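Novice:
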Amino acid sequence: MIGIDNTYPTIIFDQLISLGDKYEGVTAQPVEFSENGVIDNLFDRKLDFIISPQHVSARVQELENLTISELPPLRLGFLVSRRYEERQEQELLQELPWLQNALSEPGQLRSND
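Here my numbering is used: the first residue of the sequence shown is 86, the next is one more, and so on.
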């Protein structure tokens, strides 16, 4: 489950929220991006990732169980996720093929297009 920050401009938000229609196994939902919202949604496992144009607070950045990754090539902002055991952030990003423009490989999400 991916949370999409609802502060994106409409055209970008619509493209990001439609990820759930384009990729098998992906569900996207709008989220209101706030410090407590980020913590609650990720730690309660309501969301796996949050994509936002906003910086997270220093408090969130200091949490050991969260990873913040900047997404500069696409100017999408930041990806905030729980830290997964023995998984590096680049490895997690590779599971998001629409962010890396990578070809689908066995075991990865596949486009429905």
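By construction, the Cβ of each residue, glycine as well, lies at the ideal position given by its N, Cα and C atoms. Quick caveat: nothing in here was measured; it's all calculated off a predicted structure.
How many angstroms separate the CA atom of S154 from the CA atom of S137?
Specialist: Straight-line Cα distance between these residues: approximately 11 Å.
Novice: Kindly indicate which three-state DSSP category V145 falls into: helix, strand or coil?
Specialist: Three-state DSSP puts V145 in a helix.
Novice: Relative to the alpha-carbon of L127, which residue among N150, Y93 and G110 has its alpha-carbon at the smallest distance?
Specialist: Minimum Cα distance to L127 is reached at N150.
Novice: Express the C-alpha separation of V123 and D213 in angstroms, rounding to a whole number.
Specialist: Here the chain has residues from 86 to 198 only, and residue 213 is not among them.
Novice: Need the endpoints of the beta strand (DSSP E) that P115 sits in, please.
Specialist: Counting along the chain, the beta strand (DSSP E) containing P115 begins and ends at A113 to V116.
Novice: Determine the DSSP secondary structure at N150, reduced to helix, strand or coil.
Specialist: Correct three-state label for N150: coil.
Novice: Please go through the same chain and pick out, in chain order, the residues whose beta-carbon is closer than 8 Å to the beta-carbon of A68, but skip the five residues on each side of it.
Specialist: A query on residue 68 cannot be resolved here, the shown segment of the chain reaching from 86 to 198 and no further.
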